[in-house]
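By the numbering used here, the letter at position 175 of the sequence shown is numbered 222, and the numbering carries on one by one without gaps.
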Amino acid sequence: MIQTFNLTKVYNITEGIEIHALNDVNIEIKKGEFVSVMGPSGSGKTTLLNMIGALDNPTSGIVYINRTNIAHMNDKQLTNLRLKEIGFIFQFYNLVPVLSAYENVELPMLFAGRAKQEIERNVNKFLNLVGLSEKKDYLPSELSGGEQQRVAIARALCNEPSILIADEPTGELDTKMGMEIIKLLRELNVELNQTILMVTHDPTIGALAERMLKMRDGKIIDTVITNN
């Protein structure tokens, strides 16, 4: 579960000039929900993800992940949270170019200190789940954009996190490939009861989530139930 209370992020640009990237944001996302966040550039979407993903600290307010106030965590605990409880999917894939698909997926498990047998089982499991088991030895340069994003999704899932955070996961893909990636995320959401929080600028993509949060000027201005 994800909860935020009065979440605020203020950037001091110069003396006397402040930008409120987030302004008293209150949300609750239950386990197994697929929620999209939409809004124009600069509305606070990515800042919200960064706060929930423990990649940045709020100016004020509270973030709870699985009923724990992450502000009370030390650096080691936050690192473990990001490794084990939260999986990240980025717009630009962020794959290591000299590593194979298999090696890219196993990286978070190596960092988490998982056993060799467990690593092998999970890497093969999730590469198969995203339909790339036959290309596990391919380098990123040998894969299409959609295939690279599938590797990134498998990597995000390999430590079996309770939450998937996806920042514009279809932003670098054409419409057809983008829809395939969203279909895959929906399947993961249903089959694994995977909690997913996704930022997108595309209303067609955003509407495929169960619930859509609309942002403007650092605030949630509307919530739409999509009935998906």
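Even glycine gets a Cβ: it sits at the ideal position worked out from N, Cα and C.
Identify the continuous alpha helix (DSSP H) that holds phenylalanine 52 and give its terminal residues.
Looking at the DSSP string, phenylalanine 52 is not in any alpha helix (DSSP H); the run it does join, the beta strand (DSSP E), is 49–61.
Figure out for me which residue from Val82, Ile109, Ala101, Gly100 has the closest Cα to the Cα of asparagine 70.
Ile109
For phenylalanine 139, report the span of its beta strand (DSSP E) as first-last.
Segment: none, phenylalanine 139 is in no beta strand (DSSP E) and carries neither H nor E.
Nearest neighbour of asparagine 240, chosen from Glu150, Gly79, Gly91, Asp103 [CA to CA]
Gly79
Closer than 8 Å is the cut-off here; do at least three beta carbon pairs connect the segment 77–93 with the segment 167–177?
no
Starting from valine 152, trace the alpha helix (DSSP H) in both directions and tell me its first and last residue.
148–158
Go through the segment 193–229 residue by residue and report every complete run of the beta strand (DSSP E) that reaches 3 residues or more, in order.
210–214
The segment 233–252 contacting the segment 123–131, beta-carbon criterion three pairs below 8 Å
no
Within the continuous beta strand (DSSP E) that includes isoleucine 252, where are the two ends?
Taken as a continuous stretch (DSSP letters only), isoleucine 252 belongs to no beta strand (DSSP E), being part of the alpha helix (DSSP H) at 250–253.
For arginine 263 and valine 82, believed in contact at Cβ under 8 Å, the rounded distance
That belief does not hold up - the Cβ atoms of valine 82 and arginine 263 are roughly 17 Å apart, past 8 Å.
Please report how far the alpha carbon of lysine 56 lies from the alpha carbon of glutamine 50, in whole angstroms.
16 Å
Assign aspartate 184 to buried or exposed, taking buried as 16 or more other Cβ atoms, counted over all protein chains shown, within 10 Å of its Cβ.
exposed
Over the uninterrupted alpha helix (DSSP H) stretch that includes aspartate 122, give me the two end residues.
122–131
Assuming glutamate 75 is part of the alpha helix (DSSP H), what are its boundary residues?
It is not in any alpha helix (DSSP H) - glutamate 75 instead sits in the beta strand (DSSP E) that spans 64–76.
With a Cβ-Cβ cutoff of 8 Å, do leucine 220 and glutamine 196 count as a contact?
yes
Taking the CB atoms as reference points, tell me whether asparagine 59 and glutamate 65 lie closer together than 8 Å.
yes
Locate the beta strand (DSSP E) running through leucine 95, then write down its first and last residues.
Taken as a continuous stretch (DSSP letters only), leucine 95 belongs to no beta strand (DSSP E), being part of the alpha helix (DSSP H) at 92–99.
With C-beta atoms as the reference, is proline 208 less than 8 Å away from glycine 134?
yes
Roughly how many whole angstroms lie between the Cα atoms of valine 198 and alanine 148?
6 Å
Per-residue DSSP class, three states only, for asparagine 236:
helix
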